[in-house]
Amino acid sequence: MRNSMIRYLSLAAILVLTVLNPIQGGEPVTLETVVDPGPNDLSESIAQDYSLEKAVHFLDSASLQWQKQRKCFTCHTNLAYLYARPAISSDVQAHREVRQFAEELVQNRWEERGPRSDAEVIATAAALAFNDANTTHKLHPVTKTALDRMWTIQREDGGWEWLKCDWPPFEHDDHYGVTLAALAVGVAPEDYVNSPATQDGIAGIRSYLAANPPENLHHRAMMLWAGKYLDDLVSDEDQQKWVNELLDVQKEDGGWSAATLGEWARADDSEQDTVSSDGYGTGFVLFALQQAGLPMNDERMRRGVEWLKANQRESGRWIARSLYKDNKHYLSHAGSAFAVMALAGAEE
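The opening position of the sequence shown corresponds to residue 0 in numbering that gives the first Met the number 0, with each subsequent residue numbered one higher.
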(Lines of atoms letter the chains of each structure in order from A and count residues from 1; the text may use other names and numbers.)
(Lines give C-alpha, C1' and ligand atoms only; values in the text may rest on other atoms or scores of the structure.)
Protein backbone atom coordinates (compact mmCIF):
# COMPACT_ATOMS: atom_id res chain seq x y z
CA MET A 1 0.00 0.00 0.00
CA ARG A 2 2.48 2.53 -1.28
CA ASN A 3 2.00 6.23 -0.66
CA SER A 4 0.12 7.78 -3.54
CA MET A 5 -1.55 11.16 -3.56
CA ILE A 6 -5.30 11.18 -4.01
CA ARG A 7 -6.38 13.16 -7.02
CA TYR A 8 -9.79 13.98 -8.32
CA LEU A 9 -8.94 15.17 -11.81
CA SER A 10 -11.96 13.43 -13.31
CA LEU A 11 -14.17 16.01 -11.62
CA ALA A 12 -12.52 18.97 -13.34
CA ALA A 13 -15.35 19.15 -15.85
CA ILE A 14 -17.81 20.13 -13.12
CA LEU A 15 -15.53 22.74 -11.55
CA VAL A 16 -17.42 25.66 -13.05
CA LEU A 17 -20.67 24.35 -11.60
CA THR A 18 -19.31 23.93 -8.11
CA VAL A 19 -17.21 27.06 -7.72
CA LEU A 20 -20.36 29.16 -7.77
CA ASN A 21 -23.24 28.82 -5.39
CA PRO A 22 -26.41 28.32 -7.42
CA ILE A 23 -28.59 28.55 -4.33
CA GLN A 24 -27.61 32.16 -3.67
CA GLY A 25 -27.82 33.61 -7.15
CA GLY A 26 -24.45 32.37 -8.35
CA GLU A 27 -22.51 34.16 -5.62
CA PRO A 28 -19.69 32.22 -3.96
CA VAL A 29 -19.96 31.43 -0.26
CA THR A 30 -17.48 33.46 1.78
CA LEU A 31 -16.88 34.19 5.45
CA GLU A 32 -18.56 37.56 4.96
CA THR A 33 -21.62 36.30 3.09
CA VAL A 34 -22.15 32.86 4.65
CA VAL A 35 -25.67 32.02 5.76
CA ASP A 36 -26.21 29.47 8.51
CA PRO A 37 -27.27 26.23 6.77
CA GLY A 38 -29.57 25.44 9.68
CA PRO A 39 -29.73 22.56 12.16
CA ASN A 40 -29.24 18.92 11.28
CA ASP A 41 -32.84 17.76 11.26
CA LEU A 42 -33.30 14.00 11.21
CA SER A 43 -36.68 14.50 9.57
CA GLU A 44 -35.47 16.76 6.75
CA SER A 45 -36.94 15.72 3.41
CA ILE A 46 -34.96 13.63 0.96
CA ALA A 47 -33.95 15.61 -2.13
CA GLN A 48 -35.80 14.75 -5.31
CA ASP A 49 -32.52 14.56 -7.23
CA TYR A 50 -28.90 14.24 -6.15
CA SER A 51 -27.02 17.55 -6.44
CA LEU A 52 -23.26 17.91 -6.07
CA GLU A 53 -23.72 21.68 -6.15
CA LYS A 54 -25.98 21.57 -3.09
CA ALA A 55 -23.54 19.25 -1.31
CA VAL A 56 -20.64 21.63 -1.88
CA HIS A 57 -22.76 24.60 -0.87
CA PHE A 58 -23.60 22.88 2.41
CA LEU A 59 -19.96 22.02 3.15
CA ASP A 60 -18.82 25.59 2.42
CA SER A 61 -21.62 27.07 4.52
CA ALA A 62 -21.31 24.72 7.49
CA SER A 63 -17.55 25.18 7.74
CA LEU A 64 -17.53 28.95 7.39
CA GLN A 65 -20.49 29.35 9.75
CA TRP A 66 -18.64 27.29 12.37
CA GLN A 67 -15.53 29.41 11.87
CA LYS A 68 -17.50 32.65 12.08
CA GLN A 69 -19.58 31.67 15.10
CA ARG A 70 -17.32 29.33 17.10
CA LYS A 71 -13.89 30.63 16.06
CA CYS A 72 -12.30 27.22 16.55
CA PHE A 73 -11.66 23.95 14.74
CA THR A 74 -13.48 20.68 15.22
CA CYS A 75 -13.06 17.24 13.66
CA HIS A 76 -16.63 16.95 12.45
CA THR A 77 -16.94 20.26 10.60
CA ASN A 78 -14.11 22.50 9.42
CA LEU A 79 -11.30 19.96 9.76
CA ALA A 80 -13.41 17.46 7.82
CA TYR A 81 -13.93 20.23 5.28
CA LEU A 82 -10.17 20.52 4.67
CA TYR A 83 -10.16 16.84 3.72
CA ALA A 84 -13.21 17.01 1.48
CA ARG A 85 -13.17 20.34 -0.36
CA PRO A 86 -10.19 19.56 -2.65
CA ALA A 87 -12.14 16.54 -3.92
CA ILE A 88 -14.18 19.07 -5.89
CA SER A 89 -12.04 22.21 -6.06
CA SER A 90 -9.75 24.01 -3.65
CA ASP A 91 -9.63 27.15 -5.81
CA VAL A 92 -12.55 28.89 -4.13
CA GLN A 93 -12.70 31.63 -1.52
CA ALA A 94 -14.42 29.43 1.05
CA HIS A 95 -11.60 26.90 1.00
CA ARG A 96 -8.93 29.59 1.09
CA GLU A 97 -10.53 31.17 4.16
CA VAL A 98 -10.79 27.91 6.07
CA ARG A 99 -7.24 26.94 5.13
CA GLN A 100 -5.95 30.36 6.22
CA PHE A 101 -7.79 30.00 9.53
CA ALA A 102 -6.02 26.68 10.14
CA GLU A 103 -2.64 28.16 9.31
CA GLU A 104 -3.28 31.07 11.67
CA LEU A 105 -4.17 28.61 14.41
CA VAL A 106 -0.73 27.01 14.14
CA GLN A 107 1.24 30.20 13.53
CA ASN A 108 -0.46 32.54 15.95
CA ARG A 109 -2.57 30.88 18.62
CA TRP A 110 -0.20 28.00 19.27
CA GLU A 111 2.74 30.36 19.50
CA GLU A 112 0.95 32.81 21.78
CA ARG A 113 -1.19 30.55 24.00
CA GLY A 114 -0.47 26.99 22.96
CA PRO A 115 -2.90 24.41 21.57
CA ARG A 116 -6.17 23.75 23.36
CA SER A 117 -5.26 20.06 23.59
CA ASP A 118 -2.87 17.46 22.22
CA ALA A 119 -5.75 16.26 20.07
CA GLU A 120 -5.92 19.66 18.38
CA VAL A 121 -2.29 19.29 17.31
CA ILE A 122 -2.80 15.88 15.72
CA ALA A 123 -6.14 16.68 14.12
CA THR A 124 -4.87 19.95 12.64
CA ALA A 125 -1.64 18.38 11.39
CA ALA A 126 -3.57 15.57 9.70
CA ALA A 127 -6.06 17.90 8.03
CA LEU A 128 -3.32 20.22 6.77
CA ALA A 129 -1.19 17.33 5.49
CA PHE A 130 -4.10 15.72 3.65
CA ASN A 131 -5.04 19.12 2.26
CA ASP A 132 -1.48 19.75 1.05
CA ALA A 133 -1.38 16.34 -0.62
CA ASN A 134 -4.53 17.09 -2.58
CA THR A 135 -3.89 20.73 -3.49
CA THR A 136 -0.29 21.88 -3.99
CA HIS A 137 1.27 18.42 -3.49
CA LYS A 138 3.95 20.25 -1.48
CA LEU A 139 4.52 20.28 2.27
CA HIS A 140 3.58 23.74 3.53
CA PRO A 141 5.92 25.11 6.25
CA VAL A 142 2.96 25.51 8.61
CA THR A 143 1.97 21.89 8.04
CA LYS A 144 5.50 20.80 8.86
CA THR A 145 5.38 22.86 12.04
CA ALA A 146 2.19 21.09 13.10
CA LEU A 147 3.56 17.65 12.19
CA ASP A 148 6.82 18.25 14.04
CA ARG A 149 4.90 19.37 17.11
CA MET A 150 3.11 16.00 17.20
CA TRP A 151 6.33 14.24 18.08
CA THR A 152 7.03 16.56 21.03
CA ILE A 153 3.82 15.45 22.78
CA GLN A 154 3.85 11.75 21.90
CA ARG A 155 3.77 9.44 24.92
CA GLU A 156 6.34 6.77 25.62
CA ASP A 157 3.85 4.08 24.56
CA GLY A 158 3.56 5.74 21.14
CA GLY A 159 0.10 7.18 21.73
CA TRP A 160 -1.24 10.62 22.57
CA GLU A 161 -3.61 12.08 25.13
CA TRP A 162 -6.79 12.17 23.08
CA LEU A 163 -10.16 13.73 23.85
CA LYS A 164 -12.49 11.35 25.68
CA CYS A 165 -15.74 13.30 25.85
CA ASP A 166 -18.00 10.34 25.07
CA TRP A 167 -18.74 11.76 21.61
CA PRO A 168 -17.89 8.86 19.30
CA PRO A 169 -16.28 8.27 16.98
CA PHE A 170 -14.01 11.35 17.14
CA GLU A 171 -13.78 12.17 20.85
CA HIS A 172 -13.88 8.79 22.46
CA ASP A 173 -10.56 6.92 22.60
CA ASP A 174 -6.81 7.18 22.02
CA HIS A 175 -6.84 4.73 19.11
CA TYR A 176 -8.57 7.24 16.85
CA GLY A 177 -5.87 9.82 17.52
CA VAL A 178 -3.04 7.39 16.79
CA THR A 179 -4.51 6.35 13.44
CA LEU A 180 -5.06 10.01 12.58
CA ALA A 181 -1.38 10.68 13.34
CA ALA A 182 -0.42 7.72 11.15
CA LEU A 183 -2.48 9.18 8.33
CA ALA A 184 -0.90 12.60 8.84
CA VAL A 185 2.68 11.41 8.59
CA GLY A 186 1.95 8.97 5.78
CA VAL A 187 0.07 11.36 3.52
CA ALA A 188 2.37 14.35 4.06
CA PRO A 189 4.09 15.34 0.80
CA GLU A 190 7.79 15.61 0.03
CA ASP A 191 8.74 12.35 1.71
CA TYR A 192 8.17 13.71 5.21
CA VAL A 193 7.59 10.14 6.32
CA ASN A 194 11.27 9.35 5.79
CA SER A 195 12.74 12.43 7.43
CA PRO A 196 14.98 11.64 10.42
CA ALA A 197 12.77 13.60 12.82
CA THR A 198 9.81 11.33 12.14
CA GLN A 199 11.41 7.90 12.45
CA ASP A 200 11.14 7.56 16.23
CA GLY A 201 7.59 8.86 16.13
CA ILE A 202 6.53 6.35 13.49
CA ALA A 203 8.15 3.56 15.46
CA GLY A 204 6.07 4.69 18.43
CA ILE A 205 2.89 4.59 16.35
CA ARG A 206 3.64 1.05 15.21
CA SER A 207 4.42 0.00 18.78
CA TYR A 208 1.16 1.46 20.09
CA LEU A 209 -0.95 -0.19 17.39
CA ALA A 210 0.76 -3.53 17.91
CA ALA A 211 -0.03 -3.38 21.62
CA ASN A 212 -3.53 -2.00 21.07
CA PRO A 213 -5.21 -3.79 18.15
CA PRO A 214 -8.33 -2.12 16.70
CA GLU A 215 -11.32 -3.00 18.87
CA ASN A 216 -14.12 -2.08 16.51
CA LEU A 217 -14.95 -1.59 12.85
CA HIS A 218 -14.40 2.16 13.00
CA HIS A 219 -10.86 1.61 14.27
CA ARG A 220 -10.25 -0.88 11.47
CA ALA A 221 -11.65 1.41 8.81
CA MET A 222 -9.38 4.21 10.05
CA MET A 223 -6.41 1.86 9.80
CA LEU A 224 -7.38 0.94 6.25
CA TRP A 225 -7.33 4.63 5.39
CA ALA A 226 -3.99 5.31 7.09
CA GLY A 227 -2.58 2.07 5.72
CA LYS A 228 -2.91 3.36 2.18
CA TYR A 229 -0.17 5.87 2.97
CA LEU A 230 2.01 4.26 5.64
CA ASP A 231 3.84 1.12 4.55
CA ASP A 232 3.17 -2.09 6.46
CA LEU A 233 0.70 -0.50 8.85
CA VAL A 234 -1.87 -3.12 7.85
CA SER A 235 -0.99 -6.62 6.69
CA ASP A 236 -2.58 -8.00 3.53
CA GLU A 237 -4.37 -10.58 5.67
CA ASP A 238 -5.84 -7.98 8.03
CA GLN A 239 -6.79 -5.73 5.14
CA GLN A 240 -8.85 -8.43 3.48
CA LYS A 241 -10.37 -9.49 6.80
CA TRP A 242 -11.40 -5.96 7.73
CA VAL A 243 -12.78 -5.22 4.27
CA ASN A 244 -14.97 -8.31 4.57
CA GLU A 245 -16.11 -7.30 8.05
CA LEU A 246 -17.16 -3.88 6.80
CA LEU A 247 -18.98 -5.40 3.86
CA ASP A 248 -20.74 -7.83 6.19
CA VAL A 249 -22.54 -4.96 7.94
CA GLN A 250 -23.78 -3.32 4.75
CA LYS A 251 -27.55 -2.93 4.86
CA GLU A 252 -29.95 -4.34 2.29
CA ASP A 253 -30.57 -0.82 0.98
CA GLY A 254 -26.86 -0.45 0.16
CA GLY A 255 -25.91 1.87 3.01
CA TRP A 256 -24.19 1.47 6.36
CA SER A 257 -25.19 2.47 9.88
CA ALA A 258 -22.62 4.39 11.93
CA ALA A 259 -23.89 2.67 15.06
CA THR A 260 -22.72 -0.73 13.76
CA LEU A 261 -19.09 0.44 13.64
CA GLY A 262 -18.55 0.34 17.40
CA GLU A 263 -20.18 -0.37 20.75
CA TRP A 264 -20.89 3.10 22.06
CA ALA A 265 -23.25 3.97 24.90
CA ARG A 266 -25.77 6.77 24.48
CA ALA A 267 -26.11 9.49 27.11
CA ASP A 268 -29.59 8.32 28.11
CA ASP A 269 -28.70 4.61 27.90
CA SER A 270 -31.18 4.15 25.06
CA GLU A 271 -30.45 1.70 22.26
CA GLN A 272 -28.40 2.77 19.27
CA ASP A 273 -30.14 2.62 15.90
CA THR A 274 -28.17 -0.16 14.23
CA VAL A 275 -30.91 -0.80 11.67
CA SER A 276 -31.03 2.41 9.62
CA SER A 277 -28.38 3.42 7.10
CA ASP A 278 -27.07 6.96 7.57
CA GLY A 279 -24.82 9.52 5.93
CA TYR A 280 -21.76 9.04 8.13
CA GLY A 281 -21.84 5.25 8.18
CA THR A 282 -22.24 5.06 4.41
CA GLY A 283 -19.91 7.89 3.42
CA PHE A 284 -17.11 6.89 5.78
CA VAL A 285 -17.19 3.15 5.10
CA LEU A 286 -17.47 3.59 1.34
CA PHE A 287 -14.50 5.97 1.41
CA ALA A 288 -12.45 3.60 3.61
CA LEU A 289 -13.17 0.69 1.27
CA GLN A 290 -12.00 2.80 -1.65
CA GLN A 291 -8.75 3.48 0.20
CA ALA A 292 -8.35 -0.27 0.72
CA GLY A 293 -8.53 -0.75 -3.04
CA LEU A 294 -12.00 -2.21 -3.46
CA PRO A 295 -12.95 -1.41 -7.07
CA MET A 296 -15.97 0.66 -7.89
CA ASN A 297 -17.26 -2.00 -10.29
CA ASP A 298 -17.91 -4.18 -7.25
CA GLU A 299 -21.69 -4.42 -6.87
CA ARG A 300 -21.53 -3.66 -3.14
CA MET A 301 -19.63 -0.45 -3.80
CA ARG A 302 -22.07 0.59 -6.51
CA ARG A 303 -24.96 0.03 -4.10
CA GLY A 304 -23.26 2.29 -1.58
CA VAL A 305 -22.95 5.04 -4.17
CA GLU A 306 -26.59 4.58 -5.13
CA TRP A 307 -27.61 4.93 -1.47
CA LEU A 308 -25.73 8.21 -1.14
CA LYS A 309 -27.26 9.66 -4.28
CA ALA A 310 -30.74 8.55 -3.23
CA ASN A 311 -30.53 9.82 0.37
CA GLN A 312 -29.16 13.35 0.13
CA ARG A 313 -31.40 15.83 1.93
CA GLU A 314 -32.92 18.98 0.44
CA SER A 315 -30.25 21.17 2.06
CA GLY A 316 -27.50 19.22 0.30
CA ARG A 317 -26.28 17.40 3.40
CA TRP A 318 -26.48 13.77 4.47
CA ILE A 319 -27.98 13.16 7.88
CA ALA A 320 -26.42 11.03 10.62
CA ARG A 321 -27.83 10.74 14.11
CA SER A 322 -25.41 11.56 16.91
CA LEU A 323 -24.01 8.42 18.49
CA TYR A 324 -24.20 9.98 21.95
CA LYS A 325 -27.05 12.45 22.33
CA ASP A 326 -30.07 13.58 20.32
CA ASN A 327 -29.08 17.20 20.05
CA LYS A 328 -27.06 18.86 17.27
CA HIS A 329 -26.21 15.76 15.22
CA TYR A 330 -22.93 17.26 13.99
CA LEU A 331 -21.95 13.80 12.80
CA SER A 332 -23.99 14.84 9.75
CA HIS A 333 -21.28 17.39 8.87
CA ALA A 334 -18.54 14.76 8.84
CA GLY A 335 -20.85 12.34 7.07
CA SER A 336 -21.48 14.89 4.34
CA ALA A 337 -17.74 15.43 3.91
CA PHE A 338 -17.05 11.71 3.58
CA ALA A 339 -20.03 11.33 1.24
CA VAL A 340 -18.55 13.93 -1.10
CA MET A 341 -15.13 12.25 -0.99
CA ALA A 342 -16.63 8.82 -1.61
CA LEU A 343 -18.70 10.08 -4.53
CA ALA A 344 -15.66 11.84 -5.95
CA GLY A 345 -13.67 8.61 -5.64
CA ALA A 346 -16.43 6.75 -7.45
CA GLU A 347 -15.97 9.04 -10.46
CA GLU A 348 -12.23 8.44 -10.84
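Ideal Cβ positions, reconstructed from N, Cα and C, are used throughout, including at glycine.
Residue j and residue i - do their beta-carbons sit closer together than 8 angstroms?
i      : j      : result
Leu63  : Leu30  : yes
His75  : Leu322 : no
Gly176 : Ala118 : yes
Gly278 : Ala220 : no
Ser335 : Ala125 : no
Ala93  : Pro27  : yes
Gly226 : Ala257 : no
Gly253 : His56  : no
Ala187 : Leu146 : yes
Ala181 : Ile204 : yes
Val33  : Lys67  : yes
Glu189 : Leu229 : no
Thr151 : Leu127 : no
Gly113 : Met149 : no
Phe72  : Thr134 : no
Val304 : Ala345 : yes
For residue i and residue j, which I take to be in contact (beta-carbon distance under 8 angstroms), what is that distance rounded to the nearest angstrom?
i      : j      : result
Leu307 : Ala341 : 7 angstroms
Gln153 : Trp159 : 6 angstroms
Ser275 : Trp255 : Between Trp255 and Ser275 the Cβ distance is about 10 angstroms, and since that is not below 8 angstroms, they are no contact.
Asn310 : Ile45  : 6 angstroms
Arg84  : Leu51  : With a Cβ gap of about 13 angstroms, Arg84 and Leu51 do not count as contacting.
Ile318 : His328 : 7 angstroms
His217 : Gly261 : 5 angstroms
Gly288 : Val233 : At residue 288 the sequence reads Leu, which differs from the Gly that was named. The Cβ separation is near 13 angstroms, so there is no contact.
Gln239 : Leu223 : Not a contact, Cβ separation roughly 11 angstroms.
Out of the options, state which residue places its alpha-carbon closest to the alpha-carbon of residue i.
i      : options                           : result
Asp325 : Lys70, Ile87, Gly344 and Asp268   : Asp268
Thr259 : Ile204, Gln271, Thr197 and Gly344 : Gln271
Asn130 : Thr151, Trp317, Val97 and Ile318  : Val97
Tyr202 : Pro212, Asp156, Pro168 and Arg312 : In the sequence on display, residue 202 carries Ala and not Tyr. If we check each option's Cα against that of Ala202, Asp156 comes out closest.
His171 : Thr144, Gln106 and Glu214         : Glu214
Ala343 : Ala61, Gln68, Tyr207 and Ala86    : Ala86
Arg302 : Lys250, Ala266 and Glu347         : Lys250
Gln106 : Leu223, Pro140 and Pro195         : Pro140
Ala79  : Leu179, Asp165, Asn193 and Arg115 : Leu179
Gln47  : Glu347, Trp166 and Arg312         : Arg312
Thr273 : Asp235, Arg320, Ala266 and Asp297 : Arg320
Trp65  : Tyr49, Ser89 and Asp35            : Asp35
Arg115 : Leu81, Tyr191 and Lys70           : Lys70
Asn211 : Thr197, Asp173, Asn193 and Tyr191 : Asp173
Contact between the region 278-288 and the region 231-246 is defined here as three or more beta-carbon pairs at a separation below 8 angstroms; is this criterion met?
yes
Indicate whether the contact test is met: 3 or more Cβ pairs, each with one atom in the region 35-52 and one in the region 286-304, closer than 8 angstroms.
no
What alpha helix (DSSP H) runs, 4 residues minimum, are completely inside the region 249-273?
none
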